[in-house]
Amino acid sequence: MDYAPLQETKIHGTATFPYSVYRGRIPEWMRSFPLHWHDDFELIYCTSGQIQVTLWGQAHTLCARDLIVILPHAVHSIEQSSTRNGKYFNIMFHPSLFKGAGEDPCYSKYVVPFLNGEKTMDCFYPAGSSFNQLVTPGVFSLYKHHRESYSTHELVIKSGLFLLLHHMNQYSAASTSEDRFLQLSYSRLKNALYYVRKFYDHDISIREVSEQCGFSESHFMKLFKEFTGTSFNHYLVNYRLELAAKQLSSTDYKVIDIAENCGFHNHSYFTRAFQKKYKKTPLMYRKSAQMEK
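Just remember that the working numbering sits 1 ahead of the position in the sequence shown, which is counted from 1.
Spelled out as structure tokens, the structure:
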């Protein structure tokens, strides 16, 4: 079954100018954007309400005027914070926008260390923090000069991105050996997410998924919770429930068949788990989705 890709390979903007600005409303436009990663830098700015961004397993609640910086290859998700709605925009820009022709010393000095893990920075900057106040005028300039999901104001955009990169470097620090070791371990845990995506409709044991990552079962369970913010079993059930919700709203399949398709071989357990997550029975959820359409 098709579902949101774990590694996002979509080109944001155009192939020659990979830069985009998107607006989001949770839960009106989408209920969540599940765990994924990409090669782009990303900046998320909350304009009103609340949203939750989970980055490397740590959940951050963004309120109005808070922002978060997501470095390339970082695993993250976006979802509703508690029962509150939230509006935000996110700016996506590929590292290649900073690269000149041939050997570029500035690119090697200021961009590559973010890409290979030699340099890192704090990600969450609430309203009023020094970094937030420093970059917000430029962020709004970038937002102002976007058109749909691309821009024809390339010079303004590039100058704004280089200024943002300058501030990011000012607030960055060299990664410690512990940071790099943890990132390497987390990278291996991505295999578990791929395994779930491929075999979610099968019975999956901790033993077999830990083997995919090259860890013992106990070490896998510990790292996975740090990596995603939840236990593996909870992640697996939640993944299946989100697939089921998508099928309920977009197909006419029988509920019992959807449950089976998504790996729930006990129908009563599926109903209880679905109602706990969505506060509605599967049939009520389908009716609500049809009314919304």
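Backbone N, C-alpha and C define an ideal beta-carbon position, used for all residues, glycine too. Every value quoted in this text rests on a predicted model; they were computed, and no experiment measured them.
When the five nearest sequence neighbours on each side are left out, the beta carbons in the same chain lying within less than 6 angstroms of the beta carbon of Phe-115 are those of Leu-72, in order along the chain.
Judged by DSSP in its simplified three-state form, Asn-234 adopts helix.
Three or more beta-carbon pairs drawn from the region 43-50 and the region 84-96 are found closer than 8 angstroms, and the two stretches are therefore classed as touching.
Taken in chain order, the complete alpha helix (DSSP H) segments of 4 residues or longer contained in the region 248-276 are 256-262.
Bounds of any beta strand (DSSP E) do not take in Tyr-172, whose DSSP letter is neither H nor E.
Take the alpha-carbon of Thr-272 and the one of Ala-290: they are about 17 angstroms apart. Residue range 87-94 is occupied by the beta strand (DSSP E) that includes Asn-91. For Asn-234, the closest alpha carbon among the candidates Leu-194, Asp-67, Val-256 and Ala-260 is that of Leu-194.
Inter-residue distance for Ala-16 and His-95 is about 10 angstroms (C-alpha atoms, whole angstroms). Here DSSP, grouped into helix, strand and coil, assigns Met-122 to strand. Contact annotation: the region 55-71 touches the region 31-47, with at least three C-beta pairs closer than 8 angstroms.
With respect to the C-alpha of Lys-288, the residue from Lys-255, His-268, Ser-250 and Asp-258 having the closest C-alpha is Ser-250. Using a 10 angstroms sphere on the CB of Asn-117, the tally of other CB atoms stays under 16, which defines it as exposed. Per the DSSP secondary-structure output, Tyr-23 pairs in a beta bridge with Asn-91. Secondary structure note for Pro-35: its beta strand (DSSP E) is the uninterrupted segment 33-37.
The continuous stretches of alpha helix (DSSP H) do not include Ala-60, which lies in the beta strand (DSSP E) extending over residues 59-64.
Under the three-state reduction of DSSP, Glu-29 is assigned to coil, being neither helix nor strand. Apart from the 5 residues on each side of it in sequence, Val-238 sits with its Cβ closer than 8 angstroms to the Cβ of Ala-274 in its chain, given in chain order.
Pairing Glu-80 with Tyr-89, the inter-Cα distance amounts to about 11 angstroms.
By the criterion of a C-beta distance shorter than 6 angstroms, Thr-229 is surrounded in its chain by Gly-58 and Tyr-236, once the five residues flanking it on both sides are discounted. The beta carbon of Arg-208 lies closer than 8 angstroms to those of Glu-218 in the same chain, with the five residues before and after it left out.
Within the region 138-209, the runs of alpha helix (DSSP H) at least 4 residues long that lie entirely inside it are, in chain order, 155-171 and 178-200. Rounded to whole angstroms, the separation of the alpha carbons of Tyr-270 and Tyr-254 is 19 angstroms.
For Phe-225, the secondary structure class from DSSP, reduced to helix, strand or coil, is helix. Cβ-Cβ distances below 6 angstroms link Tyr-126 to Leu-68, Phe-132 and Asn-133 in the same chain, with the five nearest sequence neighbours on each side left out; the list follows chain order.
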